[in-house]
Amino acid sequence: MAARFADASSVDNFISEQENKDTSQKTERHVKLLHLFLQTKNEERKMEDIPTAELNDSELNTLYAKNLLGTVNPESLLNTLWLNNTMHFGLRSCKEHRDMCWGDVKLKQTVDGEEFLGFNERQIKTRTGSDCRDVRKMTPKMFATDGPERDPVIVYTLYSPEKISENER
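Residue numbers (UniProt numbering): 1 to 169.
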């Protein structure tokens, strides 16, 4: 048996001999058959129809404990920014996050001096600008919280490429 696999080409030949040539054709046929079955039962599934599950507190705590969220490293910082934008500003798709420009989110203060992040919403997937009456009654906001690891204002200022001056608030 050892002499049979003397070099890499003999291993490749053995694998190609054992490979089932009809596997991909059968798989495609089965997928088409399943799709046809679901259509006839009027149960066609689309990605939009699959409900999303909300993150609960224990799952969020686990993500912070494993340093997937937080301010520990650049990747966790970006993950936290993405999660905050999703949860507080309603951004869903990757495209909506990529299309954001610096200045869409601004650090502001209430009259009481409480810091928050305000979101200047532009065109997004659900608000295309075609209906001028389709605007939010209140702009989305993220308020500062206790604890530096989960505070969206601290996360934002750490991500900021420049020191935010008082006149920008």
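Think of the CB as a built atom: it goes at the ideal place given N, C-alpha and C, for glycine as much as any other residue. Because the structure is a prediction, the values reported are computed rather than measured.
C-alpha gap between residue i and residue j, whole angstroms
i, j, result
"Glu121", "Tyr159", "20 Å"
"Arg169", "Asp99", "No answer about Arg169 holds up, because its pLDDT of 46 lies below 50 and its placement is not dependable."
"Asn67", "Arg150", "12 Å"
"residue 198", "Phe37", "Because the chain here runs from 1 to 169, residue 198 falls outside it and cannot be looked at."
"Asp146", "Pro152", "10 Å"
"Thr157", "Pro148", "11 Å"
"Arg92", "Leu83", "10 Å"
"Lys108", "Leu78", "21 Å"
"Leu33", "Lys41", "12 Å"
Candidates the options, of which the one nearest residue i by Cα
i, options, result
"Leu117", "Asp99, Ile154, Glu96 and Gly147", "Ile154"
"Asp112", "Gly70, Leu60 and Phe143", "Phe143"
"Glu54", "Thr110, Met87, Pro140 and Phe119", "Met87"
"Asn85", "Asn73, Val105 and Gly70", "Val105"
Per DSSP, cross-strand counterpart(s) of residue i
i, result
"Gln109", "Glu115"
"Lys32", "Answer is none; Lys32 lacks a bridge partner."
"Phe89", "Answer is none; Phe89 lacks a bridge partner."
"Lys141", "Gly118"
Status (buried if at least 16 other CB within 10 Å, exposed otherwise) for residue i
i, result
"Glu114", "exposed"
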